[in-house]
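Chemist: Below: one structure in structure tokens.
Number of protein chains: 2
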Amino acid sequence: MNSYIKPGDNPLLTEERKKCQFSTDILAAFYHENAQKIKRRHEIYQYYLENKELHDPEPTEFMDRYHRLENAERKVSLLKKHVKKAGSPLGLHYTMMIPTILNNADDEQKAEWLPKAQNLEFIGTYAQTELGHGTNLRFLETTATYDPKTQEFILNSPTTSAAKWWPGNLGKSSNRIIVVARLISNGKDYGPHSFFVPIRDPITHKSLPGVTVGDIGPKFGIPTVDNGFLLLNNVRIPRRNMFMKNAKLNPDGTYISPKHAKLAYGTMVYVRAVMIRTMSHMLGLASTISIRYSAIRKQGEIEAGKGEVKVLEYQTQQYRLLPQVARAWAFEFAGRYTRKLYAQFLGGDVDVLPALHGVSSGLKAVVTHQTAQGIEQCRMACGGHGYSEASGLPQLFATAVAGCTYEGENMVMLLQSARQLVKIASDVRKNQKPTKQNPVTDYLYKTSAATKCKIDQTTDPDPSSVIEAFEHVARRLTFAAFDKLEQLKQRGISAENAWVQCGVDLRRAATAHTRTFIARQFSNGILEMRDLPVQAVLKDLLQLYLFYEVLECDGDLLYDGYVIGQQIEYSKNNVYEALRRLRPNAVSIVDSFDFNDRELNSVLGRRDGNVYENMLEWAKSSPLNKHDVMPFHHKYLGKMMEDARQQSKL
Amino acid sequence: MNSYIKPGDNPLLTEERKKCQFSTDILAAFYHENAQKIKRRHEIYQYYLENKELHDPEPTEFMDRYHRLENAERKVSLLKKHVKKAGSPLGLHYTMMIPTILNNADDEQKAEWLPKAQNLEFIGTYAQTELGHGTNLRFLETTATYDPKTQEFILNSPTTSAAKWWPGNLGKSSNRIIVVARLISNGKDYGPHSFFVPIRDPITHKSLPGVTVGDIGPKFGIPTVDNGFLLLNNVRIPRRNMFMKNAKLNPDGTYISPKHAKLAYGTMVYVRAVMIRTMSHMLGLASTISIRYSAIRKQGEIEAGKGEVKVLEYQTQQYRLLPQVARAWAFEFAGRYTRKLYAQFLGGDVDVLPALHGVSSGLKAVVTHQTAQGIEQCRMACGGHGYSEASGLPQLFATAVAGCTYEGENMVMLLQSARQLVKIASDVRKNQKPTKQNPVTDYLYKTSAATKCKIDQTTDPDPSSVIEAFEHVARRLTFAAFDKLEQLKQRGISAENAWVQCGVDLRRAATAHTRTFIARQFSNGILEMRDLPVQAVLKDLLQLYLFYEVLECDGDLLYDGYVIGQQIEYSKNNVYEALRRLRPNAVSIVDSFDFNDRELNSVLGRRDGNVYENMLEWAKSSPLNKHDVMPFHHKYLGKMMEDARQQSKL
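Right, here's the structure in full:
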């Protein structure tokens, strides 16, 4: 029932795949939402395999950034003919430039800019973050000062720290960009607004007068992206280059405030919901690589003389890897639910906004953090080879972990999520009921919940007993943080300072709240699967997810006697039991993520499991091996040894 | 009392340094063991500053591996004139080649090889790990088959997975190396032994016939090191190239067993003790970078209209960073104690071996793990800029995290540590007393320890109450794992399989045991400091360390009622209280690690705090910025946009 078996595969992997107790096709279709999508995925991969010009001329790990960028531009210009949204260096054009035109340009502007953007007559990005300001947009320094005489804005970076910094594809690729700058008109500062700014000549691509633009240099990951910096010195743009769907500026410089202040909010939620899915995929990729490798890597005998065993047989290895698979699924369900809410919102149902709001910030923080941590566990579980770029894991980690910082730094996100929790706690203390149903936060209003946990010795527990336990923790931490805030305020500390002094407690409450959300979505999500063997696998993954999380927050559960030590033992047993059940299906479960070798980009994670010969092949072709003797050898080390030998002969 | 203030510094850092309540000179001397060492450190740095040829021609982050290697060889050949042990590409020569000759060559061999090695007439490394085998040396595949006719060994890599893989400086730099291979004589396999093997011509440096050697390609970190692979095909070496201090082979092929099987053990312990200090330094570097940056980075107003505050004012930021400073100190004390035991052992006191053994494996695992995690916290706490290579933090992390895998994979290390714990548990159950005093493990024999924790509301607690709590947890987890092992065996499961089924529980016990060790060494270590203001700072760090750890293992403490919820609250308060006390000294404490700008290699962590202008400078000089317009632009993106414009005109 595993569709990924082929002749010529490493027999150790085939052996695993033959043990499969479910249909990988059904599970794969469920992960990618339907069988149609799987079909399409396979078609695209087949097309890629057949068209060698889409392949990298050598592994990208061997390229410097110049050649990576060149290779990416080459592939994008080929792919443009076939796919709608090609990746870098067009990534930000599609995820930020076009959506901003759609959401923030008025009709006339849209008519002017949108077709050109869609046709790729220009390439753009979105420049908001500055060298000195990321999180706190209110203090951005770039200015757009209106000159009513010429009806132009004059853009300036008044200080070094005002330099735009980080926007993807800003350094080299983009020629028309969105700049967020403080609008100043008639001597008044109206705060940050968006402007459409040409920065390079459309024909020569040279940077325009007054524009200093460049690449910000190498980063932890994403080496192919030309994240850029930008300094503006008296750059003039027409009045109508200010995005005017919401706020407007008349020719005489009169400012007209936007009618709805928080209209842009929906997009932010959407971007985060998309991120959740990306994170699930990244964790799925890392799990696939590490579990396949753990099934072909043998190390150590368990019983003397019986031969070495696959490292996947070790409980410690299973405990490192299988929870990552479970989390990849948990995040997929959490993201799916968030996207569903967003679709309802787009369809006009504004009532879902509180639920969306209630979850998007905390979810972003928890999921990016656990994904990055999980990939690192996968990487380390591959031993030394996980440290090689050949494994694909270092780059996967470095890319994923960036998500902890961009689109809202995680600590800030958790504190944002905590704001809503504290607001609810305050309502509850005042005996106020929720004005609307909100499936994400309603549990916080339950004042008569059980004070003893229902987890017992059964190895087929009801998920609700665990979810209720998570709710208990989130509720307790929320009210504890709220009470501490109130106490501090009663002692005369300002609300703002009290907030800072409760930062760590608030963060913990938000994390606990997010846990309840993910667990609930996972538990609900698998109910849609009707195929019994696949359902059984998902149940095992859910069980692993839930009890692994119980152990992660054991202190919070034991704190007030809600859980007793014996129940922690039951929880451990349920983790071990889930690992035992999942073991025979482990390879087939990760196969069902349906990531192909191009996506995996890993010698360790290859579908065919032929790792060692390909590791050697990969290493041999790496750039330093163009020389047996490095050309500089005789100048330095060679001379040093020669001198020493001469010396010793004296 | 902060000696690191200079004119021209960022006033935000000077402001911090002026708040200093202790002597940074005294604290620095304590961290680096004495004032003499600090003086020497400053002399070396001064020499470096004055000798421009020792500087990198551009930041190494901008170099590809070819130029990194060239630059390293250039610097090493200059440094050789001044310092005794230069780094890469001579790193493994000094840490593995020379010590192996010292410990494993017989007198005649030593007389032959040692002077040449010390004079650098050849450059060597140590090739043990293979593509298919790392942890389990018994199954290494490389063979050294003795041919009595010619009195030579014939070395072979019988399979692809037998390729030597990973040795540092093997790929390009070394010409004489140590190869670990299975000794086969007269048809009998005597298992792994060490051989001295020429792999490159001493004059031309070309790889010798039968030798395939190369670089293994790019890795997560350590890009400058030429980690290598090696395949041997009927390479012949003289009989006397086998290291013969312990085992020997007569000319007729008769094998003589070593007298003392575990003689090499001491070196392994020593290498790990050195690693502990390296980890402390790395965490110290990351703390210095992130705390200095947090003192010059302003973001967000706490109280509206009062201006933005340093991010170091946020409790969440302090909670991320200051525990890393405390751990850097904790690891330094733990490493110091281990080195002291090792020195006693070298001095002939074999009684310390059990204590050494008892701690080195678990300590290696816990310290490398917490260091890597801590550096990542520091990196993320620097927001977007922490993600730039300009911060130095990505490379620091990628280098440190390798320590989780080399010199004994961490999971294997913890299980090794658990073996000793289980052995002791078995003795205790049989009412056997320890044969010798062992300060590291004696607490496990205490059968009548208190069952209630002494932590109370005092904000100046006695460390012993916390250390006893850690002991309680370690004891409980050790005996629980032991009892589970026994139960499984009683159910008829083999001892080996029972061990695998208890893997996760055993790992937890070993981690808890290591915690007691580190806490005890930290607590004892600061007693040597007599200067009261410095002592006060160290006490605050110890308090932070201890109660942060309490919160890390809160579940284990609450599990059996040893601790109650209220005591967790006291512990939290003690963490917050320690953060509050440490805050004014934070910059001065990291200054006292005395890492200079060359060691920090970080634009964010510069002593002078002039970050933003130097970030821009760094970015501008990065290689992609040699071109305003990339030379390939018109071929790809330029053409794509031009085509689109033509199309839209039709």
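Here the protein sequences line up with chains A and B, keeping their order.
Numbering follows the UniProt record's numbering, with no gaps: position 501 of the first sequence is 501.
Numbering follows the UniProt record's numbering, with no gaps: position 190 of the second sequence is 190.
All C-beta atoms, glycine included, are put in the ideal place defined by N, C-alpha and C.
Since the structure is predicted, the reported quantities are computational estimates derived from the model, not experimental observations.
With 7 Å as the C-beta to C-beta threshold (strictly closer), list the residues of the stretch 480-508 of chain B near chain D in chain order.
Modeler: Chain labels in this structure do not include chain D; the protein chains are A and B.
Chemist: How about L27 (chain B): is its Cβ closer than 7 Å to a heavy atom in the ligand MN?
Modeler: Annotation note on the ligand MN: not contained in the displayed structure, which lists no ligands.
Chemist: Would M242 (chain A) and H193 (chain A) be called neighbours here (beta carbons separated by less than 8 Å)?
Modeler: Yes, Cβ-Cβ distance for M242 (chain A) and H193 (chain A) is below 8 Å.
Chemist: Given a threshold of 16 other Cβ atoms within 10 Å of its Cβ, counted over all protein chains shown, does Q487 (chain A) qualify as buried or as exposed?
Modeler: Under this definition Q487 (chain A) is an exposed residue.
Chemist: Tell me where the beta strand (DSSP E) around T143 (chain A) begins and ends.
Modeler: Per DSSP, T143 (chain A) belongs to the beta strand (DSSP E) from 143-147.
Chemist: Straight-line CA distance for V350 (chain A) to Y342 (chain A)?
Modeler: Cα to Cα, V350 (chain A) sits roughly 10 Å from Y342 (chain A).
Chemist: Where A162 (chain A) and E141 (chain A) are concerned, what is the direct C-alpha to C-alpha distance, given to the nearest angstrom?
Modeler: Answer to the nearest angstrom: the Cα atoms are 5 Å apart.
Chemist: Within 10 Å of its beta-carbon, does Q318 (chain B) have 16 or more other beta-carbons around it, so buried, or fewer, so exposed?
Modeler: That one is buried.
Chemist: With the cut-off set at 8 Å, would you say A510 (chain B) and S417 (chain B) are in Cβ contact?
Modeler: The answer is yes: Cβ separation under 8 Å.
Chemist: Just to confirm, is the Cβ distance from E613 (chain A) to F632 (chain B) under 8 Å?
Modeler: For E613 (chain A) and F632 (chain B), no; Cβs fall outside 8 Å.
Chemist: Helix, strand or coil for V629 (chain B) per DSSP?
Modeler: It is coil, neither helix nor strand.
Chemist: Is W618 (chain B) close to chain A? Criterion is C-beta to C-beta, closer than 8 Å.
Modeler: Yes, contact with chain A.
Chemist: With contact counted as at least three CB pairs below 8 Å, one residue from each stretch, are the stretch 59-69 of chain B and the stretch 231-241 of chain B in contact?
Modeler: No, the stretch 59-69 of chain B does not touch the stretch 231-241 of chain B.
Chemist: Select from the stretch 158-171 of chain B all residues with a C-beta closer than 7 Å to any C-beta belonging to chain A, and list them in chain order.
Modeler: Going along the stretch 158-171 of chain B in chain order, one finds T160, S161, A163, W166, G171 with a Cβ nearer than 7 Å to chain A.
Chemist: In chain order, what are the residue ranges of uninterrupted alpha helix (DSSP H) at least 4 long that sit wholly in the UniProt domain "Acyl-CoA oxidase C-alpha1" (265-422) of chain A?
Modeler: Counting whole runs of 4 or more residues, the UniProt domain "Acyl-CoA oxidase C-alpha1" (265-422) of chain A contains the alpha helix (DSSP H) stretches 265-296, 315-346, 353-381, 383-387, 393-402.
Chemist: Are the CB atoms of D215 (chain B) and L208 (chain B) nearer to each other than 8 Å?
Modeler: No; because the gap between Cβ atoms is not below 8 Å, this pair is not in contact.
Chemist: Just curious, the alpha helix (DSSP H) that residue 651 (chain B) is in, first and last residue?
Modeler: With chain B running from 1 to 650 in the structure shown, residue 651 (chain B) is simply not present.
Chemist: Mark Q543 (chain A) as exposed unless 16 or more other C-beta atoms lie within 10 angstroms of its C-beta, in which case mark it buried.
Modeler: Q543 (chain A) comes out buried.
Chemist: Is it buried or exposed for P218 (chain A), if we count other Cβ within 10 angstroms and need 16 for buried?
Modeler: The residue in question, P218 (chain A), is buried, as its Cβ has 16 or more Cβ neighbours within 10 Å.
Chemist: Quick one: residues in its chain with C-beta nearer than 7 Å to the C-beta of W618 (chain A), no 5 flanking neighbours on either side, listed in chain order?
Modeler: Correct list, in chain order: P59, A390, V603.
Chemist: With distance defined between alpha-carbon atoms, name the residue in A:E121, A:Q109, A:G8 nearest to A644 (chain B).
Modeler: Checked all of A:E121, A:Q109, A:G8; the closest Cα to A644 (chain B) is A:E121.
Chemist: Using Cβ-Cβ distances below 9 Å, what residues of the stretch 394-410 of chain B are close to chain A?
Modeler: Result list: P394, Q395, F397, A398, V401, A402, C404, T405, Y406, E409, N410.
Chemist: Starting from the beta carbon of P89 (chain B), find every residue of chain A whose beta carbon is closer than 8 Å, and list them in chain order.
Modeler: Correct list: L637.
Chemist: Taking C-beta pairs closer than 7 Å, name the residues in chain B that E73 (chain A) reaches, listed in chain order.
Modeler: Within chain B, the residues near E73 (chain A) are F632, Y636, L637.
Chemist: Reducing DSSP to helix, strand and coil, say where F195 (chain A) ends up.
Modeler: If DSSP states are grouped into helix, strand and coil, F195 (chain A) belongs with the strands.
Chemist: Starting from L183 (chain B), trace the beta strand (DSSP E) in both directions and tell me its first and last residue.
Modeler: Here the beta strand (DSSP E) through L183 (chain B) covers 176-185.
Chemist: Which residues share a DSSP beta bridge with F153 (chain B)?
Modeler: Partner(s): B:Y146, B:I237.
Chemist: Note down the Cα distance separating N497 (chain A) from A304 (chain B), rounded to an integer number of angstroms.
Modeler: So the alpha carbons of these two residues sit roughly 11 Å apart.
Chemist: Could I get the ranges of all uninterrupted alpha helix (DSSP H) runs contained in the stretch 530-600 of chain B, with 4 residues as the minimum, in chain order?
Modeler: Runs of the alpha helix (DSSP H) inside the stretch 530-600 of chain B: 532-552, 554-558, 565-582, 586-591, 597-600.
Chemist: Using the C-alpha atoms, what's the distance from M380 (chain A) back to L393 (chain B)?
Modeler: Distance between the alpha carbons of L393 (chain B) and M380 (chain A) is about 19 Å.
Chemist: Mind checking if V629 (chain A) is an interface residue toward chain B, Cβ cutoff 8 Å exclusive?
Modeler: With 8 Å as the cut-off, V629 (chain A) counts as an interface residue toward chain B.
Chemist: Looking at chain A, which residues of the stretch 285-306 of chain B have a Cβ within less than 7 Å of any of its Cβ atoms?
Modeler: Answer in chain order: Q299, G300, I302, E303.
Chemist: Thinking just about the alpha-carbon of each residue, which of B:A330, B:G168, B:I98 is nearest to the one in L538 (chain B)?
Modeler: Ranking the options by Cα distance to L538 (chain B), first place goes to B:A330.
Chemist: Determine, for H513 (chain A), whether the minimum Cβ-Cβ distance to residues of chain B falls below 8 Å.
Modeler: H513 (chain A) does not count as touching chain B.
Chemist: Which residues, in chain order, does the stretch 33-53 of chain B contribute to contact with chain A at a C-beta distance below 8 Å?
Modeler: Going along the stretch 33-53 of chain B in chain order, one finds no residue with a Cβ nearer than 8 Å to chain A.
Chemist: Between R236 (chain B) and the rest of its own chain, which residues show a CB-CB distance below 6 Å, the 5 nearest in sequence each way excluded?
Modeler: Correct list, in chain order: E152, I154.
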